[in-house]
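Taking our numbering, I'd label the letters of the sequence shown as residues 174 to 424. Worksheet: the structure to be examined is printed underneath.
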Amino acid sequence: MARNSHRAFRLAGRSVFEKDGSPKPAVVRGIEKAVEVQRPLVLANIRRLQRKHPEASAAELVGILEKHYLAAVTGTGAAVGATAVVPAVGTVAALGLSAAATVGFLEATALFAQSVAEIHGIRLADPERARTMVMAIMLGEEGTSLMQQLASGRGGSPWAGTIGGMPSGVMGNIGATIRRRFMRKVVARQGTAMLGRALPLGVGAVVGGAGNLAMGRAVIASTRRAFGPAPETLDGELAADLRALPDGPAA
């Protein structure tokens, strides 16, 4: 069992990283795609919560988004980790599921971060700026420090509201820096989590759920630093866009 597990981990490493330790191009493209979410999906996400909680203020909606995000990423990590217990699945197959869970974690994070941005009145039509915002949030303190330097030069101040007004040249440079650091650190972090979720004998369920919980909490803390206190009411433009959405199921 242990020998097969070690072999599976080596196979997973070769499928994700080049010999020099950098992520393979297909992995980079997949990650960039995962952290990009279209605005209609973000609006539908907010509208769904609004319909389920019609009396909630904008600040309360942010709190609900945080709870749902943590539940989503933690449940996925634990569920995929648990598949390594089932003999019919096994460690090698679980590694494939774990890779999918990693993409799911990134997609959930992007949807969460951009939903919070909308509630704060920040609308990023440029996908590159939106990706930079999400990557900076996922980088945690390092991403926050870089963005705060550009936004105001003051530590501890929200920065996300300034990203839309940054000159293209500045955004291009900071975006490239954020992207490089994101790929280096987050791929390594998620790669470790991916292997942890595939551990056999039930350990993967514990590692997967706990790992995603820790990363999810870090994302929420970073988001709060990026946006600052949530508003009590939705701004007029967002409220109008939400009203214009076709009615669908509330659940």
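No residue lacks a Cβ here, since even glycine has one placed at the ideal position from N, Cα and C.
Nearest neighbour of residue i, chosen from the options [CA to CA]
i	options	result
PRO300	ILE393, SER341, ALA217 and GLY316	SER341
ALA399	LEU216, GLU291 and ASP414	GLU291
THR171	VAL289, GLU314, ILE237 and LEU319	No answer is possible for residue 171: the residues shown for the chain start at 174 and end at 424.
LEU418	ASN218, ILE295 and LEU284	ASN218
PRO213	GLN287, ARG224 and ALA199	GLN287
ALA391	PRO198, THR282, ARG220 and ALA232	THR282
VAL307	GLY294, ILE336 and LEU323	ILE336
GLU410	GLY348, HIS293 and GLY277	HIS293
GLY316	ARG357, ALA244 and PRO227	ARG357
GLY334	LEU234, PHE278, ARG302 and ALA245	ARG302
THR396	ALA231, TRP332 and GLU280	TRP332
GLU169	ILE295, ALA298 and ARG304	Past the edges of the chain, shown from 174 to 424, lies residue 169, and the structure says nothing about it.
GLY277	LEU407, ASN385 and LEU415	ASN385
MET388	VAL210, ALA245, ALA229 and LEU415	ALA245
GLY338	TYR242, ALA298 and VAL215	ALA298
LEU284	VAL215, LEU407, PHE355 and ALA394	VAL215
GLN211	ARG296, GLU228 and ARG224	ARG296
VAL201	ALA412, ILE393 and PHE355	PHE355
ASP408	ARG352, SER230, THR247 and LEU243	SER230
ASP414	GLU228, GLN223 and ALA232	GLN223
VAL289	LEU323, GLU228, GLN322 and LEU234	LEU234
Start and end residues, alpha helix (DSSP H) containing residue i
i	result
ILE310	300-311
ARG220	212-225
GLU410	409-416
CB contact below 9 angstroms: residue i versus chain B
i	result
ARG390	Here chain B cannot be found, since the structure has a single protein chain.
(message) Within 8 angstroms, do at least three Cβ pairs link the stretch 238-245 to the stretch 301-319?
(response) no
(message) Three or more C-beta pairs under 8 angstroms: does that hold for the stretch 205-212 against the stretch 390-405?
(response) At 8 angstroms Cβ cutoff, the stretches do not touch.
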